[in-house]
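Protein chains in written order, with this note's numbering: chain A, 3 to 319; chain B, 5 to 263; chain C, 472 to 762.
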């Protein structure tokens with residue numbers, strides 16, 4: 003072996019750690035909002051690093067992008083959005099950032115729900131649709147990581163399978179518990195019509211006090227009609243969700259003699275360390291709260307809600 | 005309206021400035037108690053500024069103004085009409101009743117006696133029956149009479165008037181001059197800024213001829229001499245862009261209350 | 472549908488309608504005189520400026536305490552008051568006019584508020600929390616509005632005369648030793664208090680709308696400050712009642728319905744009111760007195 007070869011070997015030896023490092027660098031993923039970001043994190047594990055543009059407790063309809071967001075998009079390896087018109091601002095933002103990353107529309111392939119001529123975008127509220135989301139995310143992550151990291155791709159497949167199993171298990175248990183409540187008593191009113199998919203999936207009757215976007219002011223006629231409905235149908239509970247005006251809902255509930263049943267989470271996770279800081283915990287909380295309010299027992303007070311014990315809650319990475 | 009015994013108004017080396025330009029330059033003198041004095045001079049002579057200084061609204065840069073011991077509230081002041089917002093929806097009666105301010109204060113309502121006095125004052129200025137009218141509907145002359153009626157009610161020992169007969173017809177002028185004389189007879193100190201020298205010669209026993217600096221102050225016949233008037237005209241037209249700083253010794257500035 | 476059904480029954484049947492009406496009434500009581508004074512002092516745009524000026528106060532309260540309505544209201548009140556006081560002070564002590572200084576300070580306040588909120592990184596819509604809606608008036612908001620209205624009327628009754636004189640003849644007030652600056656500041660405090668209470672109970676559009684439009688329209692019907700205030704109150708209450716009925720019977724959003732009704736009253740007043748109107752100007756009276 004002459005000197006040339008030895009030098010090559012030396013260089014190769016030095017270069018190898020850097021090469022290996024590059025292979026191990028997590029894939030940068032930008033998700034449009036916190037719920038999607040959590041799903042991506044659950045499926046991707048240590049192979050990805052996710053950032054949500056609209057963070058916990060924030061309103062995606064009122065989002066104003068900052069320059070830092072455009073930078074993140076430019077550097078991302080994958081962009082995940084909900085689609086169905088939920089993020090009105092995303093197309094312009096991606097274009098402005100000049101990002102070359104592939105954009106995954108997580109809701110592709112699900113059965114859509116139409117409301118008053120629009121498509122309802124809140125598809126993640128159905129656990130069945132959520133499983134489809136997970137599958138789409140899994141496929142996109144595997145494609146983005148390419149064939150260069152087969153071990154990681156296999157790990158992602160495994161995680162997706164486990165996560166889907168958890169979602170399916172939650173879905174089954176909720177349906178079982180709901181079966182105990184007669185359909186005539188499954189009447190809910192919430193201030194934000196984001197729960198259409200949830201209602202359809204679990205057979206609940208949900209009415210909204212306001213339209214399903216954050217904008218729009220109600221008229222006295224709408225409020226009066228709703229109160230009359232509540233009184234006539236004897237709806238059991240009224241729910242307030244974490245990003246709209248709760249005062250209107252309280253007023254309607256009080257006048258109709260319904261109880262305000264607690265908080266339902268619709269469009270955003272709650273901050274880290276609180277009760278709905280992952281998608282699974284969020285759906286579990288929503289289910290428990292709904293079931294508690296609809297329970298055939300006479301006590302309708304929110305205190306009667308059983309504490310949500312997340313069954314197989316994946317620890318957040 | 006009783007006769008009162010006012011103190012004198014004394015000015016000691018008074019200079020009143022707008023920024024660093026003197027409007028009234030080293031004026032000394034005395035308004036005798038019960039005197040009827042006209043202040044005349046060319047435009048820009050500092051006459052209105054002097055009244056403002058007497059009211060205490062401008063502090064003298066040099067010298068002192070000594071007012072009667074009763075305090076500044078007992079000086080009644082007739083401003084130039086332009087300072088009042090005549091578009092404001094108040095009635096003649098409202099404006100005249102303000103003359104009772106020192107007696108009633110900011111919130112006590114006037115009783116029947118006060119209202120009767122206000123009506124008397126209106127009658128005295130020749131505006132009987134006009135109490136319900138809105139001030140925006142009055143002519144300049146009529147509004148001036150309203151302001152005089154307010155002055156009547158104020159019953160102050162010292163009365164200052166800033167160009168009271170501007171834009172006012174002859175008949176009104178005659179009536180209001182009669183009022184001035186009545187005040188003079190009652191022993192009040194009256195000072196008026198005027199332009200009409202003929203009127204001054206006819207009605208005002210004392211005159212201050214002011215052209216930034218005092219030209220003459222005393223009996224009208226001695227003050228309004230052609231030589232003085234000439235000097236006054238020259239003085240006021242003399243406007244220097246880079247006037248030197250004044251070297252006349254100052255005294256600490258203050259407006260004193262105690263005589 | 473009988474007249475009773477159209478005009479009265481909705482208020483009998485529904486508590487939220489009654490509350491909304493009472494809130495309008497209470498606010499109208501104090502907004503009548505306050506709005507009239509604003510118009511007479513040529514400060515008609517001040518109400519809108521104040522709506523923006525209170526943003527940094529609410530933002531600071533939010534950063535310090537969180538999403539607490541009392542804290543944010545207090546912060547908003549203090550911020551708006553500071554802007555009003557600064558604007559007034561600058562106008563008094565420099566050559567600047569009051570409208571220019573108010574514009575300057577409220578823009579600073581608005582930008583500061585927006586910056587504070589975005590620094591926090593949360594796009595929670597603060598203003599949704601702070602600004603209520605007329606259909607959602609709860610006990611706390613009603614008490615606040617009624618309390619502020621009563622207090623305002625009391626204060627106004629006490630300082631009515633010096634406040635008026637300060638408007639049209641400030642020299643006289645100064646001459647008799649009435650404290651013009653103090654009364655002016657007091658008026659600003661009342662204005663801000665009424666605005667903050669109005670924003671909380673009814674939202675910005677309605678609060679400023681009910682403050683200004685009735686007062687402006689009243690000038691076509693009455694003269695004399697007292698009468699103007701009463702007419703303004705009447706218009707405000709009638710528009711509240713009418714707007715709520717429009718919202719009830721025709722499904723229109725309530726806030727805009729009330730304000731647009733007030734706007735309609737204004738346009739009609741402009742056209743056919745007995746004074747200061749187009750009718751008075753272009754259609755001359757055929758009768759006049761002899762003197």
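We treat Cβ as the ideally placed atom computed from N, Cα and C, and that holds for glycine. None of these values were measured; they are calculated from a predicted model.
I want to see whether chain C comes within less than 8 Å of residue 8 of chain B, judged by CB atoms only; does it? Within the second chain, numbered from 1, the residue matching residue 8 of chain B stands at position 4. In this predicted model, residue 8 of chain B has a pLDDT of only 35, less than 50, meaning its place in the structure is not dependable enough to derive any value.
Does DSSP put residue 164 of chain B in a helix, in a strand, or in coil? On the second chain, residue 164 of chain B is found 160 positions in, with the first residue counted as 1. The answer is strand: DSSP assigns residue 164 of chain B an E or B state.
Check whether the Cβ atoms of residue 80 of chain B and residue 158 of chain B sit closer than 8 Å, and answer yes or no. Numbered from 1 along the second chain, position 76 holds the residue referred to as residue 80 of chain B. Numbered from 1 along the second chain, position 154 holds the residue referred to as residue 158 of chain B. Going by C-beta atoms, residue 80 of chain B is nearer than 8 Å to residue 158 of chain B.
Using alpha carbons as the reference points, say which of B/224, B/29, B/198 and B/190 lies closest to residue 161 of chain B. Along the second chain, one-based indexing puts residue 161 of chain B at 157. Checking every option, the nearest Cα to that of residue 161 of chain B belongs to B/190.
Spatial distance of residue 763 of chain C from residue 254 of chain A (CA atoms): The question about residue 763 of chain C has no answer here: the residues shown for chain C are numbered 472 through 762.
Taking only three categories from DSSP, how would you classify residue 31 of chain A? One-based indexing of the first chain puts residue 31 of chain A at position 29. It is a strand residue.
Whole angstroms is fine: what's the gap from residue 239 of chain B's alpha carbon to residue 226 of chain B's? Along the second chain, one-based indexing puts residue 239 of chain B at 235. Along the second chain, one-based indexing puts residue 226 of chain B at 222. Distance between the alpha carbons of residue 239 of chain B and residue 226 of chain B is about 19 Å.
Can you pull out the residues from the region 682-699 of chain C whose beta carbon lies closer than 9 Å to at least one beta carbon of chain B? 690, 693, 694, 695, 696, 698 and 699
Using a Cβ cut-off of 7 Å, which residues of the region 222-233 of chain A contact any Cβ in chain C, in chain order? 222, 223, 224, 225, 226 and 229
Just the C-alpha distance for residue 43 of chain A and residue 189 of chain A, rounded to the nearest angstrom, thanks. In the first chain, residue 43 of chain A corresponds to position 41, counting from 1. In the first chain, residue 189 of chain A corresponds to position 187, counting from 1. So the two alpha carbons sit approximately 35 Å from each other.
I'd like to know whether the C-beta of residue 669 of chain C is nearer than 8 Å to at least one C-beta of chain B. Here the question's residue 669 of chain C lines up with position 198 in the third chain. Chain B, which has no Cβ nearer than 8 Å to the Cβ of residue 669 of chain C, makes this no.
Give me the DSSP bridge partner(s) of residue 107 of chain A. Within the first chain, residue 107 of chain A is the residue found at index 105, counting from 1. Answer is A/83.
Can you list, in chain order, the residues of the region 246-279 of chain A whose Cβ is nearer than 7 Å to any Cβ on chain C? 247, 249, 250, 252, 253 and 257
Using three-state DSSP, classify residue 366 of chain A as helix, strand or coil. A query on residue 366 of chain A cannot be resolved here, the shown segment of chain A reaching from 3 to 319 and no further.
CB contact below 8 Å: residue 4 of chain B versus chain C: Chain B is shown only over 5 to 263; residue 4 of chain B falls outside these bounds and no answer can be derived.
Quick check on the burial criterion: 16 or more other C-beta atoms within 10 angstroms. Buried or exposed for residue 498 of chain C? Reading the third chain from its first residue, position 27 is the one you call residue 498 of chain C. The residue is buried, with at least 16 neighbouring Cβ atoms inside 10 Å.
List, in chain order, every chain B residue whose beta-carbon is nearer than 8 Å to that of residue 705 of chain C. In the third chain, counting from the first residue as 1, residue 705 of chain C sits at position 234. Correct list: empty, because the minimum Cβ distance to chain B is about 17 Å.
At 8 Å on the CB atoms, spell out the chain A contacts of residue 718 of chain C, in chain order. The residue you call residue 718 of chain C lines up with position 247 of the third chain. Those within 8 Å of residue 718 of chain C in chain A are 221, 222 and 223.
Confirm, please, whether the CB-CB distance from residue 144 of chain A to residue 198 of chain A is below 8 Å. As a first step, residue 198 of chain A is located in the first chain; it is residue number 196 there, counting from the start. As a first step, residue 144 of chain A is located in the first chain; it is residue number 142 there, counting from the start. Cβ atoms of residue 198 of chain A and residue 144 of chain A: not closer than 8 Å.
Hey, would you say residue 582 of chain C sits closer than 8 Å to residue 675 of chain C, going by beta carbons? Walking along the third chain from the start, residue 582 of chain C turns up at place 111. Walking along the third chain from the start, residue 675 of chain C turns up at place 204. No, these two residues do not count as a Cβ contact at 8 Å.
Determine the direct distance from the alpha carbon of residue 265 of chain A to that of residue 244 of chain A, and round the result to whole angstroms. As a position in the first chain, residue 244 of chain A is number 242, starting the count at 1. As a position in the first chain, residue 265 of chain A is number 263, starting the count at 1. Legend: pLDDT at residue 244 of chain A = 44, less than 50; position of this residue unreliable, value from coordinates given subsequently. For residue 244 of chain A and residue 265 of chain A, the distance between alpha carbons rounds to 7 Å.
Please classify residue 223 of chain B: does DSSP put it in a helix, a strand, or coil? Looking up residue 223 of chain B in the second chain gives position 219. DSSP places residue 223 of chain B in strand when its eight states are reduced to three.
Select from the region 621-643 of chain C all residues with a C-beta closer than 9 Å to any C-beta belonging to chain B, and list them in chain order. 628, 629, 630, 631, 632, 633, 635, 636, 638, 639, 640, 641, 642 and 643
Using a Cβ-Cβ cutoff of 8 Å, what residues of the region 645-669 of chain C are near chain B? List them in chain order. 645, 646, 647, 648 and 649
Counting C-beta neighbours from all protein chains within 10 Å, is the total for residue 541 of chain C 16 or more, i.e. buried, or is it exposed? Reading the third chain from its first residue, position 70 is the one you call residue 541 of chain C. Residue 541 of chain C is exposed by the Cβ-count criterion.
Could you give the residue range of the alpha helix (DSSP H) that holds residue 483 of chain C? What you label residue 483 of chain C is simply residue 12 of the third chain in a count that begins at 1. Segment 480-484, the alpha helix (DSSP H) holding residue 483 of chain C.
Test: residue 606 of chain C CB closer than 8 Å to a CB of chain A: For this step, residue 606 of chain C is matched to residue 135 along the third chain. Chain A contact via Cβ: present.
How big is the Cα-Cα spacing for residue 260 of chain A and residue 251 of chain A? Here residue 260 of chain A refers to the residue found at position 258 when the first chain is read from its first residue. Here residue 251 of chain A refers to the residue found at position 249 when the first chain is read from its first residue. Their backbone Cα atoms lie some 10 Å apart in a straight line.
With a threshold of 16 other CB atoms inside 10 Å of the CB of residue 187 of chain B, please say whether the residue is buried or exposed. Looking up residue 187 of chain B in the second chain gives position 183. Buried, since its Cβ has 16 or more Cβ neighbours within 10 Å.
With DSSP collapsed to three states, give me the class of residue 85 of chain B. Your numbering for residue 85 of chain B matches position 81 in the second chain. If DSSP states are grouped into helix, strand and coil, residue 85 of chain B belongs with the helices.
For residue 237 of chain B, which residues in chain C fall below 7 Å Cβ to Cβ? As a first step, residue 237 of chain B must be located in the second chain, where it is residue number 233. Correct list: empty, because the minimum Cβ distance to chain C is about 30 Å.
Is the CB of residue 3 of chain B under 8 Å away from at least one CB in chain C? Because chain B in this structure spans residues 5 to 263, residue 3 of chain B falls outside the shown range and cannot be described.
Would you verify that the beta carbon of residue 488 of chain C is, or is not, closer than 8 Å to some beta carbon of chain A? In the third chain, counting from the first residue as 1, residue 488 of chain C sits at position 17. Residue 488 of chain C counts as touching chain A.
With a CB to CB cut of under 7 Å and the five nearest residues on each side skipped, what residues in its chain are close to residue 60 of chain A? As a working note, residue 60 of chain A is residue 58 in the first chain. Hits under 7 Å: 270.
Spatial neighbours of residue 99 of chain B within its chain, please: C-beta separation below 7 Å, excluding the five flanking residues on both sides. Mapped onto the second chain, residue 99 of chain B falls at position 95. Within the same chain, residue 99 of chain B has close Cβ partners 139, 150 and 154.
Collapsed DSSP secondary structure at residue 51 of chain A in the structure displayed: Within the first chain, numbered from 1, the residue matching residue 51 of chain A stands at position 49. Note: residue 51 of chain A maps to strand in three-state DSSP.
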